[in-house]
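Just so you know, the sequences run in chain order C and W. For the first sequence, position 339 matches number 339 in UniProt numbering, and the numbering has no gaps at all. For the second sequence, position 91 matches number 91 in UniProt numbering, and the numbering has no gaps at all. For each residue, glycine too, the CB sits at the ideal point set by N, CA and C. These figures come from a predicted structure and were not determined experimentally. Since the structure comes first, as structure tokens, the remarks are kept for the end.
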Amino acid sequence: MEILANLWLGLETAMSLANLAYCLLGVFLGTAIGVLPGLGPVATIAMLLPATFGLPPVAALIMLAGIYYGAQYGGSTTAILVNLPGESSSVVTALDGYQMARQGHAGKALATAAIGSFIAGTLSTLLIAFFAPPLADVALTFGPAEYFSLMVLGLVASIVLAHGSLLHAVGMIVFGLLLGLVGTDVNSGTARYTFDLPELADGINFVVVAMGVFGIGEIVRNLEHEMTREVMIKRVTGLLPTREDFRRIIAPVLRGTALGSVLGILPGGGAMLASFSAYALEKKVSPNAANFGKGAIEGVAAPESANNAGAQTSFIPMLTLGIPSNPVMALMIGAMIIQGIQPGPAVMTEQPTLFWGLIVSMWIGNFFLLVLNLPLIGLWVRMILVPYHLLYPAILVFCAIGVFSLNNSTFDVHLMALFGLAGYVFAKLDCEPAPLMLGFILGPMMEEYLRRALLLSKGDPSVFVTRPISAVMLLLALAGLIAVLSPALRRKRDEAFTEDD
Amino acid sequence: MSVIRHPKDFWSGVMYLAFGLAAVWLARDYGMGSAGRMGPGYFPTVLGALLALIGLISAVRAFFGDGEGIGRFALGEVALVLGAVLLFGFLVRSAGLVVALPALVVIGAFASKRFRLAPSLLLAAGLTVFSVLVFVKGLGVPMPMLGTWFGG
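Right under this line is the structure:
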């Protein structure tokens, strides 16, 4: 069994004392920052990214993955305890989780979230282990035409799955693609959109954009609606769910995991769409549907499992194709490049310890989440209680130092301020920043593959439809575009996203 | 009620249009090349034109469908928070961390309605000590504690 040998290799890597420690540290830091209201996984990872620069590649990625699911779980904790979802994927958790907390079942809600996440994490880690290698094998046969078509499909999928206005989703993607082109063109050496600034010659660093839009922009937005938070719970008791609770959550957890795993692979979907759809599905099929929104334990179990499963499986396209399906994965790709690893199908064969070590560490990280978070709940509650007017100056400090330390460049700090303004303007105009980030990362890749494909075909654009895999992907993209414009699917799509009111 | 019935769509349309046209205009000298050997201007020009088109649709659409208003632009908060970050950028090398960080914290904190000087100063001191210990001493980020102004 090759898969067992691979998992064994991964286990050896992930279980080394140093990597275990980095995994634990990542999960701990991720949760600690993720529980802070207003800080989602993207901002958390961007802020902590510089801390991993000095580590060896395997340890750095293990720690970043730990930060990711730690931040995700932290966001759910905040959603349950104070009804303030730190990021969009825990919006639906807040619906029933907060009601449970108000009824004195905060402990049970938190435990449900942790157990659901752990089960989902375990199953989806196995999925990655089984499906990543064959996918990477297929990806090795891809030429530039296939990659270009795949990215088109990815962008279309992210439009279909985007939250809110379709036109704005397209607009923000194109805007992101353009921003991604800033810098020196690799083929001709022409400086594009650099305004003769040497600092822009290498392009805009992704972390600068992420911290500006998701960190600084978010702060201004929060300050605009500054208000006191009501923290119901000073002490959380009654953590362990009963046998009856277990019986009630197991089916929602499994349904959530299945749905989340599928949606996580799709570009633009990731954890957020997974949790929204899982909640909507559960509301339809659950025998307890009448109590949804009033503190139903199923309403916590399903979206929490789904968002964790989605978070895990979104690693599949990142690890096998080198293509990010959401801004978090884009940051992971950025981290790999900083570590000198070119993401893509070759990673699995060239760096098997890194690949399998990371996968096994995901499972270990989920285990840490379970055993770490419930005993430490008192600490998380205290972190949530830090008032925002004392919290956000600290976030400013970490963003500023983090961005400065990328390249020791004050220019990057100023650019971050500019993207902070952009982030605030986007929020004011209801323009979702996530598609922008996706476009930003994919822009240079798409152009490169397009040019290479057309160079190889001597300018004949039919290459995209005569190569079968490429043709299938473009057809799927076309089908997606037609579907999203059809009134029936539009209604369904609106339905899936209206759970938050 | 003005003729613009959907202000958010209108202004985001204007934003796309402006950036799209600027992208096309700036790319005019980059060289289009041919489809077989694309020049550096090809992709940006196409994308810029597309963005401008999307902007136009969004802006025109704003005259026909209703939407909520944009609301107050938090000018003071924007100016203080972004100003604090900009100032940090200017000060970090010249004055060093021990000046740049407290400036960032105190000016940034002033944007809050709950700003009080004493706690902010305390917070600034705490964060500065923490950052120096963790980032400069611990992680070895090359940031001067005292900048060139102080001969650092």
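Pairwise C-alpha distance: residue j and residue i
i	j	result
ALA422(C)	LEU82(W)	11 Å
ALA21(C)	ALA120(C)	23 Å
VAL425(C)	PRO433(C)	10 Å
GLY96(W)	PHE404(C)	13 Å
LEU61(C)	MET332(C)	7 Å
VAL381(C)	VAL220(C)	24 Å
CYS431(C)	MET172(C)	7 Å
ALA453(C)	VAL186(C)	15 Å
LEU110(C)	ILE80(C)	7 Å
SER89(C)	LEU95(C)	12 Å
LEU150(C)	GLY295(C)	42 Å
LEU123(C)	LEU84(C)	29 Å
ASP500(C)	VAL91(C)	A caution first: ASP500(C) carries a pLDDT of 43, below 50, which makes its placement in the model too unreliable to give a value.
ILE441(C)	GLY126(W)	36 Å
THR410(C)	MET143(W)	11 Å
GLY89(W)	ASP412(C)	8 Å
VAL213(C)	ALA330(C)	15 Å
THR349(C)	PRO119(W)	54 Å
LEU370(C)	ILE115(C)	7 Å
SER16(C)	TYR68(C)	21 Å
SER12(W)	ARG72(W)	16 Å
VAL207(C)	LEU181(C)	16 Å
HIS6(W)	ILE57(W)	13 Å
GLY36(W)	TYR30(W)	16 Å
PHE135(W)	VAL141(W)	6 Å
THR31(C)	GLY74(C)	4 Å
GLN312(C)	ILE3(C)	18 Å
ALA52(W)	ALA113(C)	44 Å
ALA101(C)	GLY107(C)	8 Å
GLY322(C)	PRO345(C)	7 Å
Residue i (DSSP reduced to helix, strand or coil)
i	result
GLU499(C)	At GLU499(C) the pLDDT is 49, less than 50, meaning the model places this residue with poor confidence; the figure from the coordinates comes in the next sentence. Of the three classes helix, strand and coil, the one that applies to GLU499(C) here is helix, per DSSP.
GLY65(W)	coil
LEU133(W)	helix
GLN312(C)	helix
THR242(C)	coil
GLN72(C)	helix
ALA296(C)	coil
ILE115(C)	helix
CYS431(C)	coil
SER165(C)	coil
PHE264(C)	At residue 264(C) the sequence reads Gly, which differs from the Phe that was named. Three-state result, GLY264(C): helix.
LEU39(C)	coil
ASN291(C)	helix
PRO468(C)	helix
VAL92(C)	helix
SER462(C)	coil
MET1(W)	Here MET1(W) scores only 49 on pLDDT, less than 50, and its place in the model should not be relied on; the value that follows carries that caveat. Correct three-state label for MET1(W): coil.
ARG102(C)	helix
PRO142(W)	coil
VAL72(W)	Here the sequence assigns Arg to residue 72(W), which means Val is not the residue at that position. Reduced to three states, the DSSP call for ARG72(W) is coil.
SER277(C)	helix
SER58(W)	helix
TYR30(W)	coil
ARG452(C)	helix
GLY212(C)	helix
Delimiting residues of the alpha helix (DSSP H) encompassing residue i
i	result
GLU218(C)	217-224
GLU77(W)	75-94
SER36(W)	It should be pointed out that residue 36(W) corresponds to Gly in this sequence rather than to Ser. That residue, GLY36(W), is in no alpha helix (DSSP H); it is neither H nor E in DSSP.
GLU342(C)	Per the sequence shown, the amino acid found at residue 342(C) is Gln instead of Glu. Here GLN342(C) belongs to no alpha helix (DSSP H), and DSSP marks it neither H nor E.
THR13(C)	2-14
PHE10(W)	7-26
ILE323(C)	Counting along the chain, ILE323(C) falls outside any alpha helix (DSSP H), and DSSP gives it neither H nor E.
ALA204(C)	Checking the sequence shown, residue 204(C) turns out to be Ile, not Ala. Segment: none, ILE204(C) is in no alpha helix (DSSP H) and carries neither H nor E.
PRO327(C)	327-338
THR148(W)	Careful: THR148(W) lies outside any alpha helix (DSSP H) and carries neither H nor E.
LEU20(C)	17-34
LEU97(W)	97-109
Beta-bridge pairing of residue i - partner residues as DSSP gives them
i	result
ARG192(C)	GLY183(C)
The ligand ZN heavy atom lying under 8 Å from the CB of residue i
i	result
LEU25(C)	Among the components modelled here there is no ligand, and therefore nothing to report on the ligand ZN.
Return the chain-ordered ranges of every alpha helix (DSSP H) run that is complete within the stretch 346-426 of chain C and spans a minimum of 4 residues. As summarised for the stretch 346-426 of chain C, the continuous alpha helix (DSSP H) elements at least 4 residues long and confined to that stretch are 346-350, 352-373, 377-384 and 388-407, given in chain order.
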